[in-house]
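Undergrad: Start counting the sequence shown at 0; every next residue gets the next number (numbering that gives the first Met the number 0). Note that CB positions come from ideal geometry on N, CA and C, so glycine has one too. Because the structure is a prediction, the values reported are computed rather than measured.
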Amino acid sequence: MHVRGACLAAARAPCSPSRGRRSGTGLIGAMLLPAQPRNDTSRMETFKRWEPVQGIEWPCAGVEISNVTDGLTMRLEFSKVVGGAHRDLLLRFPWGCVVAFPRRALTRRCRMPDPFILDIWRFVRGDTEPREFEQWLYARTNELENCLGAQKALDVLSADYGASAAVADVRKILRAFAEQASSSLRCRCVTLANVAVVEMGSAGDEVLGTIEERRSRGEPWWWLWCGECSRCGQWWLVGQEERQNDFFCLRRLDADEVNDLLQNNVWPSDFDSYESLLRLGHDAGVMFRFADPEQASSLQWTIVDLAKAKPGIRVAELASLLNLEPDTARMLAERAIRDNGVTIQLD
Ligand SMILES: [Zn+2]
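1) State the beta-bridge partners of residue 246 as determined by DSSP.
2) Less than 7 Å between C-beta atoms, sequence neighbours within five positions excluded: which residues of the same chain meet that for residue 136?
3) Is there a C-beta anywhere in chain B that falls below 8 Å from the one on residue 128?
4) How close, in whole Å, do the beta carbons of residue 328 and residue 273 come, if the pair is a contact with beta carbons under 8 Å?
5) What's the C-alpha gap between residue 313 and residue 283?
6) Between the alpha carbons of residue 247 and residue 197, how many angstroms are there, rounded?
7) Taking Cβ positions, are residue 220 and residue 239 nearer each other than 8 Å?
8) Can you tell me whether residue 132 is buried or exposed, with buried defined as 16 or more other CB within 10 angstroms of its CB?
9) Could you give the distance in angstroms between the alpha-carbon of residue 215 and the alpha-carbon of residue 225?
10) So, are the CB atoms of residue 192 and residue 125 less than 8 Å apart?
11) Indicate whether residue 318 and residue 343 have their beta-carbon atoms separated by less than 8 Å.
12) When you compare only the Cα positions, how much space is there between residue 199 and residue 64?
13) Cα separation between residue 292 and residue 298?
14) Taking only the alpha-carbon atoms, compute the straight-line gap between residue 128 and residue 119 and give it to the nearest angstrom.
15) Would you identify the three-state DSSP class for residue 203, choosing helix, strand or coil?
16) Looking at C-alpha atoms only, which residue of 227, 175, 174, 244 is the closest neighbour of residue 321?
17) For a quick check, are the C-beta atoms of residue 88 and residue 77 less than 8 Å apart?
18) Considering Cα atoms alone, identify which of 266, 75, 326 is closest to residue 234.
19) Listed in chain order, which residues are found with a beta carbon closer than 5 Å to a heavy atom of ligand 1?
20) I need the straight-line Cα distance from residue 289 to residue 341, nearest angstrom please.
21) Across which residues does DSSP place residue 312 in a beta bridge pair?
22) Under 8 Å, do residue 177 and residue 116 count as touching if we go by C-beta distance?
23) Smallest Cα separation from residue 310: which of 295, 256, 228, 332?
24) Can the beta-carbon of residue 227 be found closer than 8 Å to that of residue 205?
25) What residue range does the alpha helix (DSSP H) around residue 124 cover?
26) Please list the segments of the alpha helix (DSSP H) lying wholly inside the stretch 121 to 169, counting only runs of 4 or more residues, in order along the chain.
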């Protein structure tokens with residue numbers, strides 16, 4: 000049996016932000032139902048019913064969790080479902096494979112925002128096209144008026160979604176509303192675009208403070224890891240650009256990507272090249288300038304790495320990616336060609 004995979008699927012399915020976790024049923028509800036009288040010393044808790052949840056589609060008559068010598072055993076009682084299967088599903092979680100007992104691990108997570116607020120966040124952070132959002136709005140005029148008040152709702156509904164300045168104004172109004180509506184959340188995940196750039200320092204600390212590293216990509220991708228938010232359960236691919244500009248690139252991962260990554264070590268390729276990080280930082284306006292680029296050894300390493308990853312890269316491209324004056328970029332490129340044997344096109 001694929002115990003570890005089953006453990007991950009069962010434990011994480013209800014925590015996906017796209018699914019929400021509001022009712023008393025589902026995995027948490029089942030966990031919190033009153034325990035039945037114990038009839039042996041190893042049995043920890045038994046529950047009368049286990050409601051189907053998203054990701055677990057087959058109703059189950061009961062679940063029994065036992066504490067055995069080397070781990071936890073969970074029995075899902077399908078055999079007691081009328082017309083159901085003839086056998087139960089037995090899941091074993093050896094000690095060391097379980098980060099924490101599910102009840103405690105799940106209940107410390109925070110509630111996700113209402114789906115209405117989530118849709119507003121998707122637009123505010125740039126993951127929904129303005130014209131698409133405009134159509135979404137027209138179907139929710141009453142809800143919008145209740146949330147924003149008549150005047151702001153009118154401003155939002157009457158805006159020109161084809162004009163970038165008007166869209167920016169709408170985003171500003173809705174961001175203020177979404178921030179206030181999400182003030183009880185204990186992480187910043189919902190505010191981040193699907194691909195986001197976050198500077199190191201206080202802003203980065205606030206975002207990264209809840210994202211715990213789960214796996215590192217390893218060499219040669221020393222900058223790449225994936226992590227899970229300890230508050231909302233969102234998984235992120237994280238690229239750490241600390242050689243030139245000190246920022247993080249984050250890419251939201253969905254459940255299939257996380258499963259593929261953990262089970263098969265298949266990583267999304269978005270941040271596989273260091274150039275992709277530099278380009279994202281450049282586009283986000285996170286660009287620092289070295290006081291003395293000629294003496295900055297990390298700058299030289301980066302130029303060599305970029306040229307190795309893309310032989311024939313142009314000096315103008317290096318200058319743009321690394322925020323260098325053209326003459327400085329050319330001088331550093333010539334040094335990299337001479338000392339490291341890389342191929343760079345001297346424009
Ligand atoms: Zn989070």
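TA: From the atom records:
1) Answer is 198, 240, bridged to residue 246.
2) 143, 155, 156.
3) Looking at the structure shown, chain B is missing, and only one protein chain is on hand.
4) The C-beta separation of residue 328 from residue 273 comes to about 16 Å, leaving the pair out of contact by the 8 Å criterion.
5) If I take the Cα positions, the gap works out to 22 Å.
6) Roughly 5 Å between the two C-alpha positions.
7) No, these two residues do not count as a Cβ contact at 8 Å.
8) Buried, since its Cβ has 16 or more Cβ neighbours within 10 Å.
9) Cα to Cα, residue 215 sits roughly 6 Å from residue 225.
10) For residue 192 and residue 125, yes; Cβs fall inside 8 Å.
11) Annotated as distal: residue 318 and residue 343, with beta-carbon spacing of 8 Å or more.
12) One Cα belongs to residue 199, the other to residue 64, and the distance between them is close to 43 Å.
13) Their Cα atoms are separated by approximately 7 Å.
14) Here the C-alpha atom of residue 128 lies approximately 12 Å from the C-alpha atom of residue 119.
15) Secondary structure of residue 203 (DSSP, three-state): helix.
16) It is 244.
17) Taking a C-beta distance under 8 Å as the contact criterion, residue 88 and residue 77 qualify as a contact pair.
18) The option with the nearest alpha carbon to residue 234 is 266.
19) Those residues that have a beta carbon less than 5 Å away from any non-hydrogen atom of ligand 1 are, in order along the chain, 186, 188, 228, 230, 231, 233.
20) If you take the alpha carbons of residue 289 and residue 341, they lie about 23 Å apart.
21) Residue pairing of residue 312 in beta bridges, as defined by DSSP: 343.
22) Between residue 177 and residue 116, the CB-CB gap stays under 8 Å.
23) Residue 332 is the option with its Cα nearest to residue 310.
24) No, Cβ-Cβ distance for residue 227 and residue 205 is not below 8 Å.
25) In the DSSP annotation of this structure, residue 124 is not part of any alpha helix (DSSP H), being labelled neither H nor E.
26) For the stretch 121 to 169, the full-length alpha helix (DSSP H) segments reaching 4 residues or more read 129 to 137, 140 to 147, 149 to 157 along the chain.
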